[in-house]
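Working notes, structure below.
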Amino acid sequence: MRVRIRFHKKGKIRFTSHRDVARIWERAFRRASIGVAYSQGFSPRQKLSFGLALSTGYESEAEFLEVDLVDDRFCDEGIWMDGGGSHVGTTLAETLSDVLPVGIDVVAVAPVEKGDSLQQAVVACTWAIEVDNIGLSDAEGWVADVLSRSKIVVERERKGKPVVEDLRPQVHALGVTGATATGVRLLADLGTQPRALRPSELLVAVDPPLAARTVCRMHQWMSQGVDREEPLMAPVSPAPPAWVSA
Amino acid sequence: MSALWPQLERVLSEVQKPARYIGCEDGMTIPDHHPDAVAWLLLYPDTYEVGLPNQGLQILYEILNERPDAVAERSYAPWTDMAEVLRREGLPLFSVDTHRAAGDFDVLAFNLSAELVFTNVLECVDLAGIPVRTADRTDDDPLVMVGGHCAYNPEPLADFVDAAVLGDGEEVVGEITEVLAAWKAAGGGRRSDLHRLLATVTGVYVPSLYEATFASGRLTKVAPAPESVEAVEVVEKRTVADLAEWPYPKQQLVPVTEVVHDRLNVEVFRGCTRGCRFCQAGMITRPVRERPADQVRTMVAEGLRRTGYDEVALTSLSTADFSGIEQVVAETIADDACGQVSVSLPSLRVDAFTVGIAAEIQKARRTGLTFAPEAGTWRMRQVINKLIREEDLYAAVEAAYSQGWRRVKLYFLTGLPTETDEDTLGILRMARRCVEVGRQHLHNPSVTVSVGGFVPKPFTPFQWFGQNTEIELRRKVGLLRDELKRDTKGYRGVQLKWHDPKATAIEGLLSRGDRRLGPVIEDVWRSGGVFQEWGEHFNLELWMAALERQGLTLEEMVYRHRVEDEAFAWDHLSAGLHRDFLWQDWRDALESVGLEDCRWTPCYDCGACTGYGIEHVVASAVPPAGGSQGTGQDLATGGEVPVLLTAGPARRKTMPVVRV
Ligand code: SF4
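Note that the protein sequences, when read in sequence, are chains A and B.
Residues in the first sequence are numbered consecutively from 1, following this note's numbering.
Residues in the second sequence are numbered consecutively from 247, following this note's numbering.
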């Protein structure tokens, strides 16, 4: 039975890589003695699949993982129905959070149909970005500048060769949401297809270049528009994004 | 929380592999620092990936944190990019547990497992904001201590360490803690007085209380300075008599990022008496102390459950010699409900019986198997007392290939005492025969030959031997490469790898060096020579220039044979071994006389047990099936090659190559 899990990655543990996180999960299932399907072949591995990679050092409130469970406690479809679902989900979430390192916390669990990989299904992410040493009005000016451009052309290297790319179509929304003690907080919706645009790339693409102190992925979206959906909603859904200006 | 974390987290995104610096391991302790507790910072002077798995450090970490009068945290050498950032930002070295400044601890205790990390010790002390030379430290600076295998000759580091600890650390760390706790309770005092107190603990060597004397460019003696009444003539090592009393680590650390040996490790015994003459580890850790099989099983079962690892290594210097090996392995596999756990034996004995055990535990992933014959001819193996008969090696290799392994890796040393070119080339002859054995089972068997230059070590029978020069080692590697080129077809399937002879020369320098190397090490460190055990950072020129400035040469310090009564830099330290036992063993080596394992035969009175009133703790009174290290074997046949293989060239009917 395939289960989708939403988890946070926050604090010190954010400095682990995508690969590290995968290994942490493999061990967590074994430590919690939760039966997971293994691949066939010479060196069998647990069948886990992760969504879009998160850059090392970024925090997240929206990481996803799919796993094929072969554990009687969790595999009877009936127990997930009606009122039972939240109970089983909570048990699974708590069992896992107990064996995961501080900073990785399970926030939602649900059974899913086997389908597209998460990586293909996600079209955009919402990011909360904290920038130091900049005032509100300067930040608003910077955002307005980004949004007013029809193209943001950058040159970058791909497989050792320079390629020219326009980042603007990937900037779905951008806004300043308030001041922090040392700077401002931005919120950005950035596209992920065909290639995920990273907040750090956007921040240096327009002058003056900005440096993020912290970046946190808040959402991953499977569609665009007002009724867009996440692979799995966090139990408390966020307020509608009033700040969005495209 | 930690004082330094807010500053560190701002810079971590600038460095490679930031997860090295965050701690967060499962099994980690967040200690409660209080003024009465002695605060230990346990350091491994290499990267986190290399240092985290170190079992010695983890054992002491737990033992200290269990004590009410101590707390312990850990630190590892920051990679060069991080060191640069720390200096730029004015941040000190820190612990990974709570990100506390290294200078806030009472003791910085380094685990030394290799010589080339010595400059990293200075780097860590300097990053901690502590003067690198003991003489420059104030009464308030932390103590700098070293332990581990390379602490058996700490003389090259004498200027930089307050104390060196010899032997097993389990008991002595408690005794040191008691001294320091009392010292703190009494309000502290002069550093030199603390040194004197430390010297009263058995196993603790305080270099500043001793003087080295030299005559005509050679060391003549290291002895207590006239005013050092507390200093003993000879500092004896510490030995834990019964491993069963120390079932550590109980909570092996599980890192959140990738490290070497990323698996559960359970030490099945300590010490080794096979008596390989080149092996310092085997000599200084005598006698053999086995852990009871029951305890091993419990530690494996509980460890796997707690950590979530799917691999467990049964560690020791030669795990197939463990009395309960077959049973422990069988029960571990039977115990494993999901059938995914693999067991590994990091040090395989070379015989078919051992491969049988390996086959038992490695149902899947049969890719490569490693053996260490160490020398290519029977004569050479008698000299080094690694009594592996040709027939045993080929039987082991045969067993490996016939049971599905595809690659065999063979470890050899070159530059051994009395080695001739015939012996060196014997390495390839052996490898070639192994490929031939493999062809009977596989289309394309592969044998990787890994050759390292021999470095004579203190407290071994080879401590008198003049190490091969860098040029000579290079010539021997060249000999092997030319031989492979001469007959590429004949050596098909054989791959050759070798260790850099330049690095071998400097390992040799530090291994048997004396106090005159202090300024050399400091010079190399000040010139930026850190992470010298990493090929990309090793820089021979820095070492040669530093030696020259001190008027020292490799010829005198490393390459020269030493005479029977020559003073060694470690004569005032003891691993229990009698010097005349080692000398006799050196004479035997030169005559190619082998010596059987004293675990199963009468004692030779080397001193390791007899001197300390302890004994082997071995469950089985008989050598393993098929014999081992001369015991229960017919050594007259040691050099004989099985008929099947000697007939090799005649059997092969190849067409003559026609050149046009
Ligand atoms: S004292 Fe005897 S039994 Fe003990 S290690 Fe030495 S030779 Fe072996």
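Beta carbons: idealized from backbone N, C-alpha and C, even for Gly.
Inter-residue spacing [alpha-carbon to alpha-carbon] between residue i and residue j
{"i": "A/F128", "j": "A/G141", "result": "For the record, residue 128 of chain A in the displayed sequence is Ala; it is not Phe. So the two alpha carbons sit approximately 18 angstroms from each other."}
{"i": "B/E861", "j": "B/A821", "result": "15 angstroms"}
{"i": "A/T90", "j": "A/P208", "result": "46 angstroms"}
{"i": "B/G394", "j": "B/A355", "result": "10 angstroms"}
{"i": "B/Q796", "j": "B/E424", "result": "40 angstroms"}
{"i": "A/H219", "j": "A/H8", "result": "11 angstroms"}
{"i": "B/G885", "j": "B/G672", "result": "11 angstroms"}
{"i": "A/S14", "j": "B/K655", "result": "Inspection of the sequence shows that residue 14 of chain A is occupied by Arg rather than by Ser. A/R14 and B/K655: Cα-Cα distance of roughly 39 angstroms."}
{"i": "B/R551", "j": "B/R320", "result": "25 angstroms"}
{"i": "B/D405", "j": "B/L339", "result": "21 angstroms"}
{"i": "B/H507", "j": "B/L725", "result": "34 angstroms"}
{"i": "B/L688", "j": "B/L563", "result": "31 angstroms"}
{"i": "A/R247", "j": "B/H279", "result": "Chain A is shown only over 1 to 246; residue 247 of chain A falls outside these bounds and no answer can be derived."}
{"i": "A/D138", "j": "A/L197", "result": "23 angstroms"}
{"i": "B/A865", "j": "B/Q541", "result": "13 angstroms"}
{"i": "B/A360", "j": "B/F705", "result": "16 angstroms"}
{"i": "B/L823", "j": "B/L841", "result": "16 angstroms"}
{"i": "A/C216", "j": "A/T182", "result": "17 angstroms"}
{"i": "B/F784", "j": "B/F777", "result": "7 angstroms"}
{"i": "A/G35", "j": "B/K496", "result": "25 angstroms"}
{"i": "B/I571", "j": "B/T694", "result": "27 angstroms"}
{"i": "B/T553", "j": "B/Q498", "result": "8 angstroms"}
{"i": "B/V596", "j": "B/Y647", "result": "14 angstroms"}
{"i": "B/Y850", "j": "B/P870", "result": "21 angstroms"}
{"i": "B/C855", "j": "B/C525", "result": "18 angstroms"}
Closest by C-alpha distance to residue i, when choosing among the options
{"i": "B/F599", "options": "B/P533, B/T706, B/A642 and B/L763", "result": "B/A642"}
{"i": "B/P388", "options": "B/A409, B/E401, B/A404 and B/G394", "result": "B/A409"}
{"i": "A/E155", "options": "A/V36, A/D98 and A/V164", "result": "A/V164"}
{"i": "B/L287", "options": "B/A265, B/S259, B/V378 and B/M391", "result": "B/M391"}
{"i": "B/V701", "options": "B/R484, B/R523 and B/Q497", "result": "B/R523"}
{"i": "A/A93", "options": "A/T214, A/S49 and A/W25", "result": "A/W25"}
{"i": "A/V122", "options": "A/V204, A/T214, A/F50 and A/A22", "result": "A/F50"}
{"i": "B/G449", "options": "B/E417, B/A381, B/Q498 and B/C844", "result": "B/E417"}
{"i": "B/F814", "options": "B/V770, B/L440, B/G759 and B/L426", "result": "B/G759"}
{"i": "B/L675", "options": "B/R334, B/L426, B/F711 and B/E636", "result": "Going by the sequence as given, residue 675 of chain B is Arg instead of Leu. It is B/E636."}
{"i": "B/D343", "options": "B/V378, B/Y294 and B/D327", "result": "B/Y294"}
{"i": "B/A477", "options": "B/A427, B/E312 and B/L443", "result": "B/L443"}
{"i": "B/V419", "options": "B/G859, B/L639 and B/T485", "result": "B/T485"}
{"i": "B/R627", "options": "B/V601, B/T666 and B/D282", "result": "B/T666"}
{"i": "B/P281", "options": "B/L793, B/A431, B/R761 and B/G739", "result": "B/A431"}
{"i": "B/M274", "options": "B/S341, B/T664, B/T326 and B/Q262", "result": "B/S341"}
{"i": "B/E457", "options": "B/V575, B/R761, B/D851 and B/G857", "result": "B/R761"}
{"i": "A/R6", "options": "A/K12, A/P111 and A/T56", "result": "A/P111"}
Anticipated Cβ contact below 8 angstroms, residue i with residue j, distance rounded
{"i": "B/A249", "j": "B/P277", "result": "Not a contact, Cβ separation roughly 15 angstroms."}
{"i": "B/D385", "j": "B/V284", "result": "Not quite, the Cβ-Cβ distance comes to about 16 angstroms (not below 8 angstroms), so this is no contact."}
{"i": "B/E335", "j": "B/V257", "result": "6 angstroms"}
{"i": "B/Q649", "j": "B/V601", "result": "7 angstroms"}
{"i": "B/S692", "j": "B/R652", "result": "7 angstroms"}
{"i": "B/R437", "j": "B/R383", "result": "6 angstroms"}
Buried or exposed by the 16-neighbour rule on C-beta atoms within 10 Å, applied to residue i
{"i": "A/L232", "result": "buried"}
{"i": "A/G160", "result": "exposed"}
{"i": "B/R897", "result": "For B/R897, the pLDDT reaches just 41, beneath the cut-off of 50, and the residue's location in the model is therefore unreliable, although a value from the coordinates is still provided. By the 10 Å Cβ count, B/R897 comes out exposed."}
{"i": "B/C584", "result": "Low per-residue confidence applies at B/C584: pLDDT is 49, beneath 50, and the placement is therefore not dependable, though the value from the model is reported in the following sentence. The residue is exposed, with fewer than 16 neighbouring Cβ atoms inside 10 Å."}
{"i": "B/G433", "result": "exposed"}
{"i": "B/A580", "result": "exposed"}
{"i": "B/P252", "result": "exposed"}
{"i": "B/S259", "result": "buried"}
{"i": "B/N511", "result": "buried"}
Can at least three beta-carbon pairs, one atom from the stretch 674-685 of chain B and one from the stretch 803-812 of chain B, be found at a separation below 8 angstroms? No: the two stretches stay apart, fewer than three of their Cβ pairs being nearer than 8 angstroms.
I'd like to know if the stretch 743-761 of chain B and the stretch 780-796 of chain B are in contact, where contact means that at least 3 CB-CB pairs between them fall below 8 angstroms. Yes, they touch.
Are at least three pairs of beta-carbons, each pair with one atom in the stretch 412-425 of chain B and one in the stretch 370-388 of chain B, less than 8 angstroms apart? Verdict: no, contact absent.
Three-pair Cβ contact test at 8 angstroms for the stretch 492-511 of chain B versus the stretch 825-844 of chain B: The stretch 492-511 of chain B, when compared against the stretch 825-844 of chain B, does not touch it at the 8 angstroms Cβ threshold.
Three or more C-beta pairs under 8 angstroms: does that hold for the stretch 614-633 of chain B against the stretch 515-530 of chain B? With the cut-off at 8 angstroms, the stretch 614-633 of chain B and the stretch 515-530 of chain B touch.
Stretch pair the stretch 94-114 of chain A + the stretch 25-40 of chain A: three plus CB contacts closer than 8 angstroms: Enough Cβ pairs lie closer than 8 angstroms, so yes.
Flag this pair as touching only if the stretch 731-751 of chain B and the stretch 712-720 of chain B have three or more C-beta atom pairs under 8 angstroms; answer yes or no. Yes: the two stretches touch, three or more of their Cβ pairs being nearer than 8 angstroms.
Does the count of Cβ pairs from the stretch 659-670 of chain B and the stretch 616-629 of chain B closer than 8 angstroms reach three? These segments touch.
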